[in-house]
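So my numbering is basically just the index in the sequence shown, starting at one, shifted up by 1301.
Even for Gly, the Cβ is constructed at its ideal location relative to N, Cα and C.
Worksheet: one structure, shown below.
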Amino acid sequence: MKRRIWILGALLALAGCFGKNTEQVMENEKVDEEAVEGRQVATFGGGCFWCTEAVFELLNGVESVVSGYAGGAKPNPTYEEICTGETGHAEVVKITFNPTKVSYETLLETFGQCHDPTTLNRQGADVGTQYRSVIMYHDESQKAAAEKWKVEVAKEFVDPIVTEITATPAFFPAEESHQDFFRKNPYQGYCSFVIRPKLEKLKLDRIQKE
């Protein structure tokens, strides 16, 4: 009898712990929701995410940029798997921005300036479907803006625009070593010879974020 009472007490205590943990998780989720209130998210793929990330991190109104993978069927892919070009994923950046400081249209304009939207599955020396040009919209207003951008930017090029416009699929953050790559490795070869010249061309190297 004493053993049964002890087991029952333990089960009740355990249930209480689970209830408390569940409440804590719900509270944490509520805090996360409040943290993104008034913010919007944009997702772009424009070749190597090291470069795309570096460009958008310097824009006023952009609060965070996360490099990752999206558009393929394999869950939680690794960078090595992405590099095979067989996962179906593209290297993309997920951007959280304050729409009162920077518009989605401005982000689209910057996206068009920081890569070549006319080269299919290729950006410079980077070749493969993982480097495709793609806009992944998060709502219908972003879809409409992206389609309008594609029509307008086509007037600036002789070759056709190959940028895909698709609804945002599951997003998988890249490994930590690929986050803030330019900031962490400003003198690495790719950063010195590809990213830095692009930032200078876009005059982003001198912008000081508010």
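(request) Classify V1459 as helix, strand or coil using the three-state DSSP reduction. (result) Coil, per DSSP.
(request) Name, in chain order, the residues that DSSP records as bridge partners for D1427. (result) Within the DSSP bridge table, the entry for D1427 names Q1424 as partners.
(message) Can you tell me whether L1421 is buried or exposed? The criterion is at least 16 other CB atoms within 10 Å of its CB, across all chains shown.
(response) By the C-beta density criterion, L1421 is exposed, having fewer than 16 other C-beta atoms within 10 angstroms.
(message) If you measure between the beta carbons of C1352 and F1483, is that distance less than 9 Å?
(response) For the 9 Å CB-CB criterion, C1352 and F1483 form a contact.
(request) Can you tell me the Cβ-Cβ gap for T1397 and S1365, rounded? I've got them flagged as a contact below 8 Å. (result) Between S1365 and T1397 the Cβ distance is about 5 Å, and since that is below 8 Å, they are a contact.
(message) Per DSSP, what are the beta-bridge partners of T1397 in this structure?
(response) Per DSSP, V1342 and S1365.
(message) Less than 9 Å between the C-beta atoms of G1362 and V1403, yes or no?
(response) Remark: C-beta atoms of G1362 and V1403 approach each other more closely than 9 Å.
(request) May I ask you to verify whether the segment 1375-1382 touches the segment 1335-1348, counting CB pairs closer than 8 Å and requiring at least 3? (result) Touching, no.
(message) Pop quiz: T1411 and V1356 are said to be a contact at Cβ under 8 Å. What is the actual Cβ separation, rounded to whole angstroms?
(response) Right, the Cβ-Cβ distance comes to about 6 Å (below 8 Å), so this counts as a contact.
(request) Going by CA-CA distance only, name the one from C1349, L1505, A1446 and A1343 that's closest to Q1431. (result) Answer by Cα proximity: C1349.
(request) Compare the C-alpha of K1451 against each of E1465, E1441 and V1459 and name the closest. (result) Among E1465, E1441 and V1459, the Cα nearest to that of K1451 belongs to E1465.
(message) The beta strand (DSSP E) that contains T1467, what's its start and end?
(response) First-last of the beta strand (DSSP E) with T1467: E1465 to A1468.
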